[in-house]
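A.B. asks: Structure provided below as structure tokens; questions to follow.
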Amino acid sequence: MRVASSTLYNLGTSSLNDLYYQQTQLQQQLSTGRKMLSPSDDPIAASRALYITQSASIVTQFTTNSNSANTSLQNQTSALASVASTIQDIQSLAVQAGNPTLTSAEKQIINTSLNSSYQQLMGLANTTDGSGLYLFSGFAGGTKPFTETGFGNVTYNGDQGQRQIQISASRNLPVSSDGSSVFQNIKDGNGTFSTAAAATNSGTGLVSAGEVLDKAKWNTAANVKNFSVKFNSITNTADPSGKPIVNYDIVDNRQTLTDGTTNPNYNHSMIDGYDYTAGDRTAAAGVNPYPRSYTDGGDIVFSAQSTDPAPAAGATLPVPGWDFGVKMSITGTPADGDTFNVDASQNQDIFSTIAQFSSALNSYTTSTSGADQTKFQNALNGVMSNLNNALQNVLSANASTGAWQNEITAVQTINSSVSLNYSQTLSGLQDLDYASAISGFSQNQTLLEAARQTYSKIQGNSLFQYIS
């Protein structure tokens, strides 16, 4: 069979071109470290690589977000820890102030330290996250959260939101706090109800913070959650020591009901229904007309007792068989007409509590009067109770911040693992097997040299070589 020279030349040229192309491909692969130089090399692998690259980019962004969130939360944790420490310093001042041997001047020294702590707390409440955004202003990061219109009168300018950062496909994490919930929305008293001595009291009765026995009973609809414990003291003619007979009554002190209507039981005894609006009770010689006998330090229970007297003449009980599930106690000797108020706990900000502490210190006068010491101690006890509530509120907020940081750590661990998997999969799709490529390159180089020599010999062949 006769083969034309042109055909031989074309076959040789084509083979050389293929080998040159393969060699060029291998050279480019070796120089870039990639086995796919263009999507056309492996369309399916290229499509998977694009998807994985995009997914890995998203995870990288989540990692960046997590780092940013962690920085903000670290700043918040530090600020809240400082707030807690400052409140504890103020609690120590309150304990010092309770020393009855201190003079007015010495209590003013305490007040100076208190004012310093107050200013420190104001600064902490307006802490920024390092990038100019306030930690405790809610969504309004650029708004200074707290401004002062007077000592203890502090206004919150932020909102009730929380800035959030997305740290995973399914989780947006808070990185700021609502300042009102940290510094302002703090229940006073024991968190369910508060007790307080009237400013006009002249006896030595110290009131406790009270105790909740059954919160469901306290929250019953029949409970108006506003009472006064009124004391009456008469001379005990049968006691030569002159110790008075002290009794008390629990009186409905709610003038207006929650629906805005007048409370028909206002100023009525919860114990026997007596209406004090008509005037005080009339006492008989040696008999205290108030319905319950007072025992120093004994429980004052807010429920009907088997020893309670029958309803007063012409009166009906406001809540027959009442039981509001709380109790309190008073130590010392309340004077005639002394009153102690019991009310549902209300929100009180930490700044107002400090102002009340300062007011008590400023109004204190060195006196041997037990009544003056009692007034100061009742005020101080209320302050200490509210300071403890504020501290617990801050510690709770810091615990939430710590939980968010733990969540970031867990998510970062997952993101790191996902990123590694993406990287390994992408490497398998794109990265070159150098050993195989170098072997192929050497083999191809040998083939190319052989092809060149063969082609050269074919080119040298001529009919004239054989006829000459």
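In my numbering, the protein residues as written are 382 to 849. Heads up, the beta-carbon is just placed ideally off N, CA and C, and yes, glycines get one too. These numbers come from a predicted model, not from an experiment.
#1: Buried or exposed, going by whether 16 or more other CB atoms sit within 10 Å of the CB of proline 672?
#2: Leaving out five residues on either side along the sequence, give the residues of the same chain with a beta carbon under 6 Å from the beta carbon of asparagine 600.
#3: What first and last residue would you give for the alpha helix (DSSP H) that runs through asparagine 496?
#4: Rounding to the nearest angstrom, what Cα-Cα distance links leucine 772 and valine 764 in this structure?
#5: Got a sec? Which residues, its chain only, sit under 8 Å from threonine 528 by beta carbon, not counting five neighbours each side?
#6: Any idea if isoleucine 548 is buried or exposed, counting beta-carbon neighbours within 10 angstroms, 16 or more meaning buried?
#7: What would DSSP say about methionine 765, mapped onto helix, strand or coil?
#8: Beta-carbon within less than 7 Å of tyrosine 745's beta-carbon, same chain only, minus the 5 sequence neighbours each way: which residues are those?
#9: Alanine 736 lies in the alpha helix (DSSP H); which residues open and close that run?
#10: Hey, proline 555 and glutamine 565: beta-carbon distance below 8 Å or not?
#11: Reducing DSSP to helix, strand and coil, say where serine 800 ends up.
#12: On the three-pair Cβ rule with 8 Å, is the stretch 696-715 touching the stretch 435-443?
#13: Exposed or buried, what is phenylalanine 532 when buried is set at 16 or more other beta-carbons lying within 10 Å of its beta-carbon?
#14: Give the list of continuous beta strand (DSSP E) stretches no shorter than 3 residues that lie fully inside the stretch 594-645.
#15: If we ignore side chains and look at the alpha-carbon of each, how far apart do asparagine 456 and asparagine 644 end up?
#16: Can you name the residues that DSSP bridges to methionine 709?
#17: Give a yes or no on whether the C-beta atoms belonging to serine 558 and alanine 778 are separated by under 8 Å.
#18: If you draw a straight line from the C-alpha of glutamate 788 to the C-alpha of asparagine 759, how long is it?
#19: DSSP on isoleucine 471, reduced to helix/strand/coil?
#20: Determine contact between the stretch 691-707 and the stretch 649-661, defined as no fewer than three beta-carbon pairs at a distance below 8 Å.
#21: Quick check on DSSP: helix, strand or coil for alanine 465?
#22: Spatial neighbours of glutamine 729 within its chain, please: CB distance less than 7 Å, with the 5 preceding and 5 following residues excluded, ordered by chain position.
#23: Excluding the 5 residues flanking isoleucine 735 on each side, which residues of the same chain have their C-beta closer than 7 Å to its C-beta?
#24: If I'm right that threonine 618 touches alanine 578 with Cβ under 8 Å, what's the distance once you round it to whole angstroms?
#25: On a Cα-Cα basis, can you pick out the residue from Asn492, Thr452, Ser562, Leu483 that is closest to alanine 506?
C.D. replies: Reading off the structure:
#1: buried
#2: none
#3: 485-506
#4: 12 Å
#5: Val535, Thr536, Asn538
#6: buried
#7: helix
#8: Ser485, Lys488, Phe757
#9: 731-744
#10: no
#11: helix
#12: no
#13: exposed
#14: 607-615, 626-633
#15: 50 Å
#16: Ile681
#17: yes
#18: 44 Å
#19: helix
#20: yes
#21: helix
#22: Ile567, Asp569, Asn767
#23: Ile471, Leu495, Tyr499, Gly533
#24: Not a contact, Cβ separation roughly 29 Å.
#25: Ser562
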